[in-house]
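Worksheet for the structure shown next.
In the numbering used here, the protein residues as written are 12 to 676.
Here's what the structure looks like:
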């Protein structure tokens, strides 16, 4: 078994390894460095042998033939030196290996024949020189050919075969011993050449494996880098890459400014932020897979509008951003308007067709800001301002917005330093039963008077409290004031308290509210916590769990401002709320707008079917009150019935302020 394996290994030395092109290429690469040296060795040794035999052999063998061999060796050396430029072509490499095998036998026969011819001239000393020439030259040639063992063995075989023929004519024991020594040396050299070649081949294989692993590592590193700077869902750049590009563009623009402050027009650009309106309910209704399809499609639509010269990224959730190298406000308006238009077109997804809108905020460098954070914040402010005032539109950051930012900064600073217990207060607005004129409930409304700012509206300081992480402090202070006030109210009067989005999704806040109710002497059934759709959308699962905990302690929950957001029956069904409050935007036109009448009537009927109360906000005229009663409404709140005040009169209305324009009750 061992001998068979060794024999197969020996035979394998003569085979060209077509399946390993890197091995054949390495063989030729090594031979290109060593064969020229081999020819130099042959030339020098041949000239030395010719010199010692010059007076003993014919001029054909000592001058003409060696001269031809020298020219041949020099020519072949030049050929091999020039082959370094063709190693990339594997077909050429294969051709050269085949050519080497033939040429090695040819050269060996030439030199061996010449040496044997010289062997028969001169005395014993000259023949010893011939034997020495053969031994040294062959060993040197074999070492020059170690990358190609088949050629080295061929050379040894030809030369040694010639020596047997030559030395057989000389029967002296000395030359027989020399022949034996030569054979021994040649065999040992071939053995080492074989081992060296196998190690050489294994080394190449190991290097190939290492190169493949290195390539895999590079590819993996490239993938990781791509993941680090690419949004996995849409394939767009992510937030990190966006800010890297933004910082780089700003640095380049500032560096190329003409005097360090002025920015060349060619370096000015716009930051565009895009937010999808109504996307979050899509995940609730159609599922996250449908939401992913919409995000991918939205990213493609924005890219189509911005074009190849722009840069688009997904910042997270339903927020996208773009950088456009165009500061012309007219062109920017066209781009932003087109973004709004294409994103209003229906999205086809697994659950069906979904129609959304988009709000866009724009800030121009360097006019809005000269830093990436400042530029982004101003574009975000423009986006927020547009969403708050007119969703589905675009807003360019302007000087007036800078004034608002400064004002909000003052408010935020004052809010951080405020003595909430002293500066916060409550006013109360009743909700009446239109059928009886009695108070159905009283809503507690927050007020803030700051010594420096004066009175600040709730729709201003509550969003700022969320930004400054003080909203929970506000809630605790106001709720404590409410419980203290309610202790003096009649025991049958219900009251409601508004919770912010952050209040609703923070478990610690929910636990604090429940604990505070349990510590008071007030029955939980009297308390109604009002929450908005915005609060629910922030984290639906957390909102549902915390609402269940509040209802579990005996309190009631109302869904405030119903209809102005992206209302879903899922909220009514899964949240198990106790009351719906219809937003004033449906009440204002209700007298003359049949569409508003039908919407409000539908909500009334839905609430009746679900067994929950329905309160209408913003009732300001007798005509509105009359229409609401005609449509089936029972509970109402508004300036017509009672304005917010520091104290509450619990006396029922002497008469419900209605007109006789409609008679339906």
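We put the beta carbon where it would ideally sit given N, CA and C, even for glycine.
field: For residue 527, the nearest candidate out of 669, 500 and 489 (CA to CA)
entry: Out of 669, 500 and 489, 489 has the C-alpha closest to the C-alpha of residue 527.
query: In whole angstroms, what is the alpha-carbon distance linking residue 676 and residue 564?
result: Caution applies to residue 676, whose pLDDT of 40 falls short of 50 and renders its modelled position unreliable; the model cannot decide the point.
### Message
Is it the case that the stretch 423 to 441 contacts the stretch 451 to 471, given that we only count it when at least three CB pairs across the two stretches are under 8 angstroms?
### Response
The stretch 451 to 471 is in contact with the stretch 423 to 441.
Q: For residue 665, count neighbouring Cβ atoms within 10 angstroms of its own Cβ and tell me buried if that reaches 16, exposed if not.
A: Residue 665 is exposed by the Cβ-count criterion.
If we call anything under 8 angstroms between Cβ atoms a contact, is residue 586 one with residue 558?
-> Taking C-beta atoms as the reference points, residue 586 and residue 558 count as a pair closer than 8 angstroms.
Compare the beta carbon distance of residue 247 and residue 391 with 8 angstroms and say whether it is the shorter of the two. Contact flag unset, no.
Review point. What is the residue span of the beta strand (DSSP E) that residue 460 lies within?
Key: First-last of the beta strand (DSSP E) with residue 460: 450 to 461.
Buried versus exposed, by CB contacts within 10 Å (16 or more), residue 674
Caution is warranted here: a pLDDT of 42 is assigned to residue 674, below 50, making its placement in the model unreliable, and the coordinate value is therefore given only provisionally. It counts as exposed.
I'd like to check one pair, residue 595 with residue 629: are the Cβ atoms closer than 8 angstroms?
Inclusion of residue 629 and residue 595 in the CB contact set at 8 angstroms is warranted, their separation being smaller than that value.
Check your understanding: In chain order, what residues of the same chain have a beta carbon less than 7 angstroms from the beta carbon of residue 549, not counting five sequence neighbours either side?
Key -> The beta carbon of residue 549 sits closer than 7 angstroms to the beta carbons of 512 and 516 from its chain, once the five residues preceding and following it are set aside; these are given in chain order.
DSSP three-state assignment for residue 310, whether helix, strand or coil | Looking at residue 310 - three-state DSSP - the assignment turns out to be helix.
(Q) In the DSSP assignment, the beta strand (DSSP E) including residue 666 goes from what residue to what residue? (A) Neither: residue 666 is in no beta strand (DSSP E) and is coded neither H nor E.
- Task: Compute the Euclidean distance between the alpha carbons of residue 33 and residue 104, then round it to the nearest angstrom.
- Result: Answer to the nearest angstrom: the Cα atoms are 10 angstroms apart.
Check whether the stretch 273 to 287 touches the stretch 319 to 333, counting contact only when three or more Cβ pairs, one atom from each stretch, lie closer than 8 angstroms.
Two segments are said to touch when three or more pairs of C-beta atoms, one from each, lie closer than 8 angstroms; by this definition the stretch 273 to 287 touches the stretch 319 to 333.
**Asked** Can the beta-carbon of residue 493 be found closer than 8 angstroms to that of residue 407?
**Response** No.
Subject >> Runs of alpha helix (DSSP H) lying entirely within the stretch 105 to 178, each at least 4 residues, in chain order >> reply: For the stretch 105 to 178, the full-length alpha helix (DSSP H) segments reaching 4 residues or more read 135 to 155 along the chain.
Integer Cβ distance of residue 56 from residue 200, believed to fall under 8 angstroms:
Incorrect: roughly 17 angstroms between the Cβ atoms, too far for contact.
| task | List the residues that DSSP assigns as beta-bridge partners of residue 607. | result | Residue 607 is not bridged to any residue.
field: Burial state of residue 355 (16 or more Cβ within 10 Å)
entry: Its Cβ having fewer than 16 others within 10 Å, residue 355 is exposed.
Going straight from the alpha carbon of residue 541 to that of residue 448, what length do you get? If you draw a straight line from the Cα of residue 541 to the Cα of residue 448, it is about 23 angstroms long.
**Prompt:** How many angstroms separate the CA atom of residue 394 from the CA atom of residue 281?
**Reply:** So the two alpha carbons sit approximately 14 angstroms from each other.
Inspect the beta-carbon positions of residue 360 and residue 404 and report whether they are closer than 8 angstroms. No.
So for residue 320, helix, strand or coil by DSSP?
Correct three-state label for residue 320: coil.
* Asked: Alpha carbon to alpha carbon, how far is residue 466 from residue 459?
  -> Spanning the two alpha carbons is a distance of roughly 6 angstroms.
**Request:** Consult DSSP for residue 438 and reduce its assignment to one of helix, strand or coil.
**Result:** Here residue 438 sits in strand by DSSP.
**Prompt:** Could you give the distance in angstroms between the alpha-carbon of residue 626 and the alpha-carbon of residue 430?
**Reply:** Going by C-alpha positions, residue 626 is about 34 angstroms away from residue 430.
Chain-order list of residues whose beta-carbon lies under 7 angstroms from that of residue 155 (same chain, five-residue window excluded): If you ignore the 5 residues before and after residue 155, its C-beta comes within less than 7 angstroms of the C-beta of 45, 46, 48 and 49, all in its own chain and listed in chain order.
For this session: Have a look at the DSSP bridge pairing and note the partners of residue 287.
Result: Answer is 369, bridged to residue 287.
For residue 325, which beta-bridge partners are listed by DSSP? Answer is 331.
- prompt: Under a three-way DSSP split, which group does residue 240 fall into?
  reply: Collapsing the DSSP output to three states places residue 240 in a helix.
Please name the residue or residues paired with residue 543 in a DSSP beta bridge. Residue pairing of residue 543 in beta bridges, as defined by DSSP: 571.
For this session: Report yes or no: do three or more beta-carbon pairs, one from the stretch 305 to 317 and one from the stretch 243 to 262, lie closer than 8 angstroms?
Result: They touch, by the three-pair rule.
>> Please classify residue 191 as buried or exposed, where buried requires at least 16 neighbouring CB atoms within 10 angstroms.
In response: Residue 191 comes out exposed.
>> Taking contact to mean 3 or more Cβ pairs, one atom from each stretch, closer than 8 angstroms, check whether the stretch 408 to 418 and the stretch 362 to 378 are in contact.
In response: Here the stretch 408 to 418 lies against the stretch 362 to 378, with 3 or more beta-carbon pairs under 8 angstroms apart.
Could you give the residue range of the beta strand (DSSP E) that holds residue 521? Judged by DSSP secondary structure, residue 521 falls outside any beta strand (DSSP E) and instead within the alpha helix (DSSP H) spanning 518 to 530.
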